[in-house]
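Encoded as structure tokens, the structure appears first; notes follow it.
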DNA sequence: AACTTGGGTATGAAAAATGGACTCAGGTGA
DNA sequence: TCACCTGAGTCCATTTTTCATACCCAAGTT
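Protein chains in written order, with our numbering: chain A, -3 to 164; chain B, -3 to 164.
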């Protein structure tokens, strides 16, 4: 997947044609969402982050859980470490030699809301029955995501959201 | 990416070894998050959803914006339509023949919180400067996502979230 | 009739994923 | 000591996707 570094001229030539605030071609390099997708937007990477969120740290455990080819897992793990989303944590079991596991960094843990939102969407809109994966607080309450306005008012899911391009 | 249909035996054999509530290998088919990732977790698909969220409806506009190969775009769009995330909306410009655009269904719009969360993560943790893509309410206030407990209390981002497997 | 345009297909080359074998280091048991 | 085991990878041949470019088609325009 080769993401283009810049938009074609469509934006400039069509800028005056934008009537509604919809139809907003923000150039990819100036879009935080596009950058996030470039960083973690691939199926195996997201599943690896799910494992990490569940506290699975070891190469072989991830390999067994996901059925991912070892070479792909190795490549994705090192990419996530290079990006600062995972870090290696050496550990040793009694009577075993030292090995490294992979755990989320602060930056990696900050992806929790996105993963929770995906989980909620899936439960609400995809077939497959209820999820056995629960994400909860230390005191056992389920965690959910909600859209809010910047002033803290929670939005119901019928509210209209519009995408606009900030003037450069 | 071939996601395994079921876990290896690790879960059953290791079930008693789970000490902390971390290390929770929920089988992939019983995990809503895994199902969401299988449905939309690939880079081009996420970028197409971003276009749709921005109100871009036409094949050629998406092609120009993303630089995606036409064949890949055609394949992804038809998959999204088959999954009920996008729907074709025929339109005709004056003096032009009828064509179809692609717009989000209700199910597709329900992905907004996940995409907003990704955008926020990117702005907070990836380099690249501020995003020009703004998501806001009709009255112009920025929209954000927040983690909450089920009882409505907003969690700050230092709160500990634990993943647990519901008993089957 | 010839030309244009949006919205796709077809095709061959290039890149990535897959699955299985192989490696390597350190610990264990005989 | 030496053969063997294990976790954590690397290597490689085969298959599958992507990529880029060219081509196609239907309706409207000149």
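We treat Cβ as the ideally placed atom computed from N, Cα and C, and that holds for glycine.
Residue i versus residue j: straight-line alpha-carbon distance, rounded
i: residue 143/A; j: residue 112/B; result: 8 Å
i: residue 131/B; j: residue 122/A; result: 25 Å
i: residue 82/B; j: residue 124/B; result: 30 Å
i: residue 84/A; j: residue 57/B; result: 42 Å
i: residue 128/A; j: residue 116/A; result: 12 Å
i: residue 151/B; j: residue -2/A; result: 37 Å
i: residue 174/A; j: residue 126/B; result: The question about residue 174/A has no answer, for chain A in this structure spans -3 to 164.
i: residue 39/A; j: residue 88/A; result: 30 Å
i: residue 18/A; j: residue 33/B; result: With a pLDDT of 40 at residue 18/A, under the threshold of 50, the modelled position of this residue cannot be trusted; read the value that follows with caution. About 27 Å.
i: residue 29/B; j: residue 110/A; result: 10 Å
i: residue 148/A; j: residue 80/A; result: 30 Å
i: residue 69/B; j: residue 135/A; result: 45 Å
i: residue 9/A; j: residue 62/A; result: With a pLDDT of 38 at residue 9/A, under the threshold of 50, the modelled position of that residue is not reliable, and the figure given next carries that caveat. Cα-Cα distance, rounded: 46 Å.
i: residue 72/A; j: residue 97/B; result: 35 Å
i: residue 67/A; j: residue 45/B; result: 30 Å
Any C-beta of chain A under 8 Å from that of residue i
i: residue 75/B; result: no
i: residue 67/B; result: no
i: residue 18/B; result: Low local confidence applies: a pLDDT of 40 at residue 18/B is under 50, so the model's placement there is unreliable, and no value is given.
i: residue 70/B; result: no
i: residue 25/B; result: yes
i: residue 44/B; result: no
i: residue 89/B; result: no
i: residue 97/B; result: no
Minimum Cβ-Cβ distance from residue i to chain B less than 8 Å
i: residue 128/A; result: yes
i: residue 152/A; result: no
i: residue 156/A; result: yes
i: residue 100/A; result: no
i: residue 109/A; result: yes
i: residue 33/A; result: yes
i: residue 51/A; result: yes
i: residue 84/A; result: no
i: residue 138/A; result: yes
i: residue 78/A; result: no
First through last residue of the alpha helix (DSSP H) which encompasses residue i
i: residue 113/A; result: 108 to 121
i: residue 143/A; result: Run containing residue 143/A: none in the alpha helix (DSSP H); it sits in the beta strand (DSSP E), 139 to 145.
i: residue 131/A; result: Element bounds for residue 131/A: not the alpha helix (DSSP H) but the beta strand (DSSP E), 129 to 133.
i: residue -2/A; result: Unbroken run through residue -2/A: none, as it is neither H nor E.
i: residue 26/A; result: Note, residue 26/A: premise wrong, no alpha helix (DSSP H); not H, not E.
i: residue 37/B; result: That residue, residue 37/B, is in no alpha helix (DSSP H); it is neither H nor E in DSSP.
i: residue 104/B; result: 102 to 105
Limits of the beta strand (DSSP E) - the one that residue i falls within
i: residue 91/A; result: Element bounds for residue 91/A: n/a, residue is neither H nor E.
i: residue 157/B; result: 157 to 161
Legend entry - Unbroken stretches of the alpha helix (DSSP H), 4 residues or longer, contained in the region 45 to 87 of chain B: Runs of the alpha helix (DSSP H) lying entirely within the region 45 to 87 of chain B, each at least 4 residues long, are 55 to 62, 66 to 78 in chain order.
Legend entry - Contact the region 133 to 152 of chain B vs the region 48 to 65 of chain A: 3+ CB pairs below 8 Å: Touching, no, given that fewer than three Cβ pairs across the two stretches are closer than 8 Å.
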